[in-house]
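Remarks on the structure that follows.
Residue numbers (the UniProt record's numbering): 1 to 181.
Written out as structure tokens, the structure reads:
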């Protein structure tokens with residue numbers, strides 16, 4: 001799915017993955033596997049940007065940001081069930097996500113869809129695939145050319161205390177609070 005190609009300044013693979021995965025209705029796990037296989041330079045570029053000290057705060061946004069978060073959170077050692085739970089919170093905004101996705105599909109000459117057919121186990125399935133196929137997130141990221149030092153720098157950047165003026169907002173808590181306002 002287009003995934004970070006615009007971020008990395010490369011759009012030549014977008015159509016290839018969209019055609020192979022979405023147009024032909026390949027299942028979601030195969031789509032994620034294709035992105036991992038075909039997008040190594042783009043994924044590497046994203047993580048090279050995250051290596052830079054003081055890079056935060058960071059906004060990761062796009063049609064396949066879930067895969068980026070799976071890789072990043074897996075690298076940071078977040079438990080897989082926690083990653084899955086956090087992903088499932090996106091269901092709160094599924095209509096907006098579907099609308100955005102259909103605009104992107106139209107840009108590439110693809111027909112609109114009426115719903116996503118992601119199983120509840122999607123994130124766990126992707127993480128299991130990474131663990132089985134690549135023997136873990138760290139090994140996958142190393143296989144695309146990131147050094148141990150770079151991976152440790154990303155971890156350090158996301159685990160260090162932030163500027164006292166920054167505030168992280170738990171989206172789930174904000175959503176619940178706004179529901180009762």
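The beta-carbon is built from N, C-alpha and C at its ideal position, and this holds for glycine as well.
These numbers were taken from a predicted model, which means no experiment stands behind them.
Considering Cα atoms alone, identify which of the options is closest to residue i.
i           : options               : result
residue 66  : 30, 54, 86 and 42     : 86
residue 144 : 113, 41, 34 and 28    : 41
residue 89  : 100, 38, 123 and 109  : 123
residue 147 : 48, 39, 31 and 133    : 48
residue 115 : 93, 132 and 109       : 93
residue 43  : 156, 109, 158 and 151 : 151
residue 156 : 64, 53, 129 and 98    : 53
Give the secondary structure of residue i by DSSP, where H, G and I count as helix, E and B as strand, and everything else as coil.
i           : result
residue 34  : helix
residue 23  : Note that residue 23 scores 48 on pLDDT, short of 50, meaning its location in the model is unreliable; the coordinates nonetheless yield the value given after this. Of the three classes helix, strand and coil, the one that applies to residue 23 here is helix, per DSSP.
residue 108 : coil
residue 59  : coil
residue 41  : helix
residue 96  : helix
Excluding the 5 residues flanking residue i on each side, which residues of the same chain have their C-beta closer than 8 Å to its C-beta?
i           : result
residue 112 : 102, 105 and 106
residue 186 : Nothing can be reported for residue 186: it is not among the residues displayed for the chain, which extend from 1 to 181.
Under 7 Å between the Cβ atoms of residue i and residue j?
i           : j           : result
residue 137 : residue 71  : yes
residue 51  : residue 154 : yes
residue 127 : residue 95  : no
residue 83  : residue 73  : yes
Between which residues of its own chain and residue i is the CB-CB distance below 6 Å, once the five residues before and five after are set aside?
i           : result
residue 125 : 29
residue 75  : 137
residue 180 : With a pLDDT of 41 at residue 180, under the threshold of 50, the predicted position of this residue should be treated as unreliable, though the coordinate-derived value follows. Result list for residue 180: empty, nothing under 6 Å.
Just checking residue i against the ligand FAD - is the residue's beta carbon closer than 6 Å to any of the ligand's heavy atoms?
i          : result
residue 44 : The ligand FAD is not part of this structure, which contains no ligands at all.
Given residue i, which residues of its chain have a CB within under 7 Å of its CB, disregarding the five upstream and five downstream residues?
i           : result
residue 134 : 140 and 143
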